[in-house]
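Q:
2 protein chains.
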Amino acid sequence: MAAGYYAFERTEPACFELWIRELPISRGYAIAAGLDQVLDHLEGLHFDKDEINYLRQLPALASAPAAFFDEYLPKFRFEGEVWAIPEGEPVFGMEPLLQVIACLPEAQLVETALLSTVLFQSMVATKARRIVQAAEGRPVMEFGARRAHGGEAGKLGARAAFIGGCSGTSQLECGMEFGVPVSGTMAHSWVMTHETERDAFHRYTELYGGTSVLLVDSYDTLSALRMIVSEQLSPSAIRLDSGDLVQLSRESRRILDAGGQQKVKIIASGDLDEYRISDLVAAGAPIDAFGVGSALSTCPDASSLPGVYKLVEIVRNGRRVPTAKYSPQKVTLPGRKQVWRNYRDDIVAYDVLGLADEPTPDGGVPLLECVMKQGRRLKASDSIRTVQERSRRSVERLSAGVRTLRGPDRFDVRLSPGLTKLTRTVHHQITKRT
Amino acid sequence: MAAGYYAFERTEPACFELWIRELPISRGYAIAAGLDQVLDHLEGLHFDKDEINYLRQLPALASAPAAFFDEYLPKFRFEGEVWAIPEGEPVFGMEPLLQVIACLPEAQLVETALLSTVLFQSMVATKARRIVQAAEGRPVMEFGARRAHGGEAGKLGARAAFIGGCSGTSQLECGMEFGVPVSGTMAHSWVMTHETERDAFHRYTELYGGTSVLLVDSYDTLSALRMIVSEQLSPSAIRLDSGDLVQLSRESRRILDAGGQQKVKIIASGDLDEYRISDLVAAGAPIDAFGVGSALSTCPDASSLPGVYKLVEIVRNGRRVPTAKYSPQKVTLPGRKQVWRNYRDDIVAYDVLGLADEPTPDGGVPLLECVMKQGRRLKASDSIRTVQERSRRSVERLSAGVRTLRGPDRFDVRLSPGLTKLTRTVHHQITKRT
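Listed in order, the protein sequences are those of chains U and L.
Numbering follows this note's numbering, with no gaps: position 430 of the first sequence is 430.
Just so we're on the same page, this note's numbering is the position in the second sequence counted from 1, plus 434.
(1) May I have the straight-line CA-CA distance separating S497 (chain L) from Y204 (chain U), to the nearest angstrom?
(2) Flag this pair as yes or no: are the beta carbons of I864 (chain L) and Y219 (chain U) separated by less than 7 Å?
(3) Grab the span of the alpha helix (DSSP H) containing P539 (chain L) for me, first residue to last.
(4) Here's a check: name, in chain order, each residue in its chain whose Cβ is nearer than 8 Å to the Cβ of K759 (chain L), leaving out the five neighbours to either side.
(5) Is there a C-beta anywhere in chain U that falls below 7 Å from the one on E586 (chain L)?
(6) Among the residues of its own chain, which have a CB less than 7 Å from the CB of D241 (chain U), if the five just before and after it don't count?
(7) Output, in chain order, the set of chain L residues within a Cβ distance shorter than 9 Å of I228 (chain U).
(8) Three or more C-beta pairs under 8 Å: does that hold for the stretch 288-300 of chain U against the stretch 253-261 of chain U?
(9) Does DSSP classify N53 (chain U) as helix, strand or coil?
(10) If you run the structure through DSSP and keep just helix, strand and coil, what is E313 (chain U)?
(11) Check whether chain U comes within 7 Å of F442 (chain L), counting only Cβ atoms and requiring the distance to be less than that.
(12) Please name the residue or residues paired with K337 (chain U) in a DSSP beta bridge.
(13) Classify R580 (chain L): buried if its beta carbon has 16 or more other beta carbons within 10 angstroms, exposed otherwise.
(14) Quick check: does the Cβ of A145 (chain U) come within less than 6 Å of any heavy atom belonging to the ligand ATP?
(15) Does V72 (chain U) come out as helix, strand or coil in the three-state DSSP assignment?
(16) Could you name the residues that DSSP lists as bridge partners for Y275 (chain U)?
(17) Answer yes or no: does any C-beta atom of chain U fall closer than 7 Å to that of L641 (chain L)?
(18) Roughly how many whole angstroms lie between the Cα atoms of L207 (chain U) and R129 (chain U)?
(19) Going by DSSP, which residues form a beta bridge with M94 (chain U)?
(20) Would I255 (chain U) pass as a contact of L225 (chain U) if the rule is Cβ separation under 7 Å?
(21) On a Cα-Cα basis, can you pick out the residue from L:S850, L:T838 and L:K855 that is closest to I459 (chain L)?
(22) Helix, strand or coil: how does DSSP classify Q555 (chain L) here?
(23) Against Q616 (chain L), what residues of chain U qualify as contacts under a CB-to-CB distance less than 8 Å, listed in chain order?
(24) Give the residues of chain L in contact with M372 (chain U), contact being defined as C-beta atoms less than 7 Å apart.
(25) Using a Cβ cut-off of 9 Å, pull out every chain L residue sitting near G4 (chain U), in sequence order please.
(26) Using a threshold of 7 Å, state whether the C-beta atoms of I818 (chain L) and G585 (chain L) are closer than that.
(27) Quick check on F554 (chain L) - is its C-beta less than 7 Å from some C-beta in chain U?
(28) For R146 (chain U), would you say it is in contact with chain A, using Cβ-to-Cβ distances shorter than 7 Å as the test?
(29) In this structure, does DSSP put S731 (chain L) in helix, strand or coil?
(30) Helix, strand or coil for E177 (chain U) per DSSP?
(31) Measure the Cβ-Cβ separation of F143 (chain U) and G291 (chain U) and say whether it is below 7 Å.
(32) Ordered along the chain, which non-local residues of its own chain (more than five positions away) have a Cβ less than 6 Å from that of N342 (chain U)?
(33) Counting C-beta neighbours from all protein chains within 10 Å, is the total for L812 (chain L) 16 or more, i.e. buried, or is it exposed?
(34) Please report the distance separating the alpha-carbon of V352 (chain U) from that of M141 (chain U).
(35) Can you tell me which residues form a DSSP beta bridge with Q533 (chain L)?
(36) Could you please tell me which residues of the stretch 99-119 of chain U, in chain order, have their CB closer than 8 Å to any CB of chain L?
So this is what it looks like as structure tokens:
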């Protein structure tokens, strides 16, 4: 398509918006995430010689103009403008998270990268926020890298999980690149490489002292705990990774306390998600922290967010022309937009989805802000802790019904008068001319 | 853990195996994929100065010996041996896809990378094989990159989808790096940037001629088709992306045929997976090819394979010691293994999971082969077409019950006498000493 736009000299400015069509039924909100990687991508985007030569020989591009490969692609840089809802903010179906205003081929070329970056991280950040909510103040560590969809997904998933409120990750690259706190515990192999579990635990605490977390379920959990107590190993925590976690955590607590090891914490892991954690918390299991893996990195109950990137406006003969499509069940709203958040008693009451050039509705706070002009960031990235804190505060201001984990209320997104009218007009025009 | 092994001079050889604990209930088999990226990773693995400095300052590693950072990590290279089931082969629960024999810290350090690489690609290749089966000979194009978990997942997911039988992908990096055929169709934006759909289609066919695929559902599908016919546009195909695909494909075919455009093919897309495609095929919908997106790149019905990487053998005082763990519901089998496939009338009858040094069972064909020694590949990678062909042929030799899409039979994996005996012995020893 980019070659086509170039061939017909269609380099007029266009506006594309990226939004989640509809939230998965189990989600009352989504957390916007991934913007920082989007801006990195746009700032660095270019085509090197090998890439251009590869494209040139593709049969599908045999009729593209030679100048597309010789002149356009070698000089290609993203030089557009980007508006975005800040990372960490809750968003809802239909609301643009990202707005790209650039000449047509540029805005088009970046579609796939923008969608996969924003949707993946938003999916994980949302899941993390739910899991952290279920844990009711107990720390949640992200352990999902080994089931993530490759190394990059492991690293960026851990970043998104931190935005969503996790306390840290076991993914070291994420720690190094983004300053996310890292921590880990021993794996079963540590125990299995030693002649006895007793040797394994002694060696580990000998080296790592009071920061040791001992994994106690390799053979028999309660025997392991009794041994920890009788040997007075005093690790920082023990980790339960299998079995009935309510019962095991109670018995573990009892054994530790009876042996004078009240300070040793209990960490639980093993196929946990927000539902299992909220059940454990409700049952009063004496668990101090959770480790969560695949539920965070792959979100089995909503393994992708149904996001799209669509043209909403194009400049034709110097005039801004709003556009929309009317495919069955996949209608889009025309025009460049803004989202205004509206509060009542410091709780988010509803959002107004309107046209960017409409006046701000009374009391509405605009969410989309300009973050890039002429292909350059307008300011340095927020620190990951700032984004995490924004996410925490903003979700706290959602109503309990929207935040609830099971059967959340549908949040009220209202169309502005201007957008309602424009949608009707554009539909009418399209119906007339087709 | 690696620092711990180093601190206690635990650099004896160990054997770890990677396997899928149990196949998701809807899957009769999985397709092994990702080995080529595993070997790339192992050949290139090293720690640069910045990485080592980052690790050195981590509070969790404060008590690790200085020589770990000063001597061990700077010189670190993977120098072990790897055995693997070739990419493309069907595998079953409990069967090691990968075996790493290396000194303990080396074998341990690679765990996360190996798991995420193999499990993700195997998940996608398996899904692709099922979707291709449902399509009954009609080509399936991979369109999943925009919903993939980031750019790397988009590229490697497309690779795995090709292994699983897809005809090509819209992900250009995958085409460039692995030689997978690429193709695409217009998006809705192409139509929306033009004043009328008629202009949009004319321009596209003008440029791309007989290879054009026209997306016809932007406004009204059947009007678009009648216009294609009346304008005699003769694209290569039209694409339906929404609505009732059975009915729309029938009406589209009728309109195209009546207009003398019998050669124009019909491609269907829009939230398709193996179940929807098999329903479309069963309903006799005149669809010539399918485009599949998120179902391939994110596998909503089995968004990760429950794979693990566990120690099965360690050399202690010069003696090979088989190891296992006995966590509730997470028992592992001790010892270094081999998988022998057994055929009856050229159909796979059962596999034998046994110890690597047991004699080959009568008629059994060993699946695990040595692919890396001293950290170097033993041969060049198979071409992606070779792997795709292997996968096609090998799945054809599975029984219909194992291959079926809904409620597949559980494939028969038998434990060898040697492995059965060893499992009992090791369990007994561990029970005795803990």
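For each residue, glycine too, the CB sits at the ideal point set by N, CA and C.
Everything numeric in this text was worked out from a predicted model, so none of it was measured.
A: According to the structure shown:
(1) Taking the first residue of the second sequence as 1, we reach residue 497 (chain L) at position 63. Taking the first residue of the first sequence as 1, we reach residue 204 (chain U) at position 204. If I take the Cα positions, the gap works out to 11 Å.
(2) Here residue 864 (chain L) is taken as the residue at index 430 of the second sequence, counted from 1. Here residue 219 (chain U) is taken as the residue at index 219 of the first sequence, counted from 1. In contact: I864 (chain L) and Y219 (chain U) (Cβ atoms closer than 7 Å).
(3) Counting from 1 along the second sequence, the entry for residue 539 (chain L) is found at position 105. It spans L538 to L543 - the alpha helix (DSSP H) in which P539 (chain L) sits, taken as one unbroken run.
(4) Within the second sequence, the letter at position 325 stands for residue 759 (chain L). So the list reads K744, V765 and T766, once near-sequence residues are dropped.
(5) The residue given as residue 586 (chain L) occupies position 152 in the second sequence. At least one chain U Cβ lies under 7 Å of E586 (chain L).
(6) Translated into positions along the first sequence, residue 241 (chain U) becomes position 241. Once the five neighbours on either side are set aside, the close Cβ partners of D241 (chain U) are L215, D217, S269 and G270.
(7) Within the first sequence, numbered from 1, the residue matching residue 228 (chain U) stands at position 228. The contacting residues do not exist; I228 (chain U) stays about 13 Å from chain L at best.
(8) With the cut-off at 8 Å, the stretch 288-300 of chain U and the stretch 253-261 of chain U do not touch.
(9) Here residue 53 (chain U) refers to the residue found at position 53 when the first sequence is read from its first residue. N53 (chain U) falls in the helix class under three-state DSSP.
(10) Within the first sequence, the letter at position 313 stands for residue 313 (chain U). Strand at E313 (chain U).
(11) Taking the second sequence and counting its residues from 1, one reaches residue 442 (chain L) at position 8. Cβ-Cβ to chain U under 7 Å: yes for F442 (chain L).
(12) Position 337 of the first sequence, counting from 1, holds the residue named residue 337 (chain U). BP columns for K337 (chain U) point to U:L355.
(13) As a first step, residue 580 (chain L) must be located in the second sequence, where it is residue number 146. R580 (chain L) comes out buried.
(14) For the ligand ATP, the structure offers nothing, since it holds no ligand at all.
(15) Here residue 72 (chain U) refers to the residue found at position 72 of the first sequence. A small correction: the amino acid at residue 72 (chain U) is Tyr; Val does not occupy that position in the sequence shown. Correct three-state label for Y72 (chain U): helix.
(16) Numbered from 1 along the first sequence, position 275 holds the residue referred to as residue 275 (chain U). Note: Y275 (chain U) sits in no beta bridge, so no partner.
(17) Walking along the second sequence from the start, residue 641 (chain L) turns up at place 207. Yes, its Cβ sits closer than 7 Å to a Cβ of chain U.
(18) As a first step, residue 207 (chain U) must be located in the first sequence, where it is residue number 207. As a first step, residue 129 (chain U) must be located in the first sequence, where it is residue number 129. Going from the Cα of L207 (chain U) to the Cα of R129 (chain U) covers about 34 Å.
(19) The count along the first sequence starts at 1 and reaches residue 94 (chain U) at position 94. Answer by DSSP bridge pairing: none, since M94 (chain U) is not bridged.
(20) Here residue 255 (chain U) refers to the residue found at position 255 of the first sequence. Here residue 225 (chain U) refers to the residue found at position 225 of the first sequence. Going by C-beta atoms, I255 (chain U) is nearer than 7 Å to L225 (chain U).
(21) Numbered from 1 along the second sequence, position 25 holds the residue referred to as residue 459 (chain L). It is L:T838 whose Cα lies nearest to the Cα of I459 (chain L).
(22) Here residue 555 (chain L) refers to the residue found at position 121 of the second sequence. In this structure, Q555 (chain L) counts as helix in the three-state DSSP scheme.
(23) Counting from one through the second sequence, the residue named residue 616 (chain L) turns up at place 182. Before going on, a small fix: residue 616 (chain L) reads as Val here, not Gln. By Cβ distance, chain U contributes L58 and A60.
(24) In the first sequence, residue 372 (chain U) corresponds to position 372, counting from 1. Here the premise fails: no neighbours, minimum Cβ distance about 19 Å.
(25) Along the first sequence, read from residue 1 onward, the residue named residue 4 (chain U) stands at position 4. In chain order: M620, W624, R637, Y638, L641 and Y642.
(26) As a working mapping, residue 818 (chain L) is identified with position 384 in the second sequence. As a working mapping, residue 585 (chain L) is identified with position 151 in the second sequence. Not in contact: I818 (chain L) and G585 (chain L) (Cβ atoms no closer than 7 Å).
(27) Within the second sequence, numbered from 1, the residue matching residue 554 (chain L) stands at position 120. Yes, contact with chain U.
(28) Absent from the structure is chain A; the protein chains it does hold are U and L.
(29) Residue numbering aside, residue 731 (chain L) sits at position 297 when the second sequence is read from its first letter. In the structure shown, S731 (chain L) sits in a helix (DSSP, three-state: H, G or I).
(30) Along the first sequence, one-based indexing puts residue 177 (chain U) at 177. It is helical.
(31) Indexing the first sequence from 1 puts residue 143 (chain U) at position 143. Indexing the first sequence from 1 puts residue 291 (chain U) at position 291. For F143 (chain U) and G291 (chain U), yes; Cβs fall inside 7 Å.
(32) Taking the first residue of the first sequence as 1, we reach residue 342 (chain U) at position 342. Result list for N342 (chain U): A349, Y350, G363 and G364, in chain order.
(33) By one-based count along the second sequence, residue 812 (chain L) stands at place 378. L812 (chain L) comes out exposed.
(34) By one-based count along the first sequence, residue 352 (chain U) stands at place 352. By one-based count along the first sequence, residue 141 (chain U) stands at place 141. Roughly 36 Å separates the two Cα atoms.
(35) By 1-based counting over the second sequence, the position of residue 533 (chain L) is 99. Residue pairing of Q533 (chain L) in beta bridges, as defined by DSSP: L:E451 and L:W517.
(36) Shown in chain order are the members of the stretch 99-119 of chain U whose Cβ falls below 8 Å from a Cβ of chain L: L104, Q108, E111, T112, A113, L115, S116, T117 and L119.
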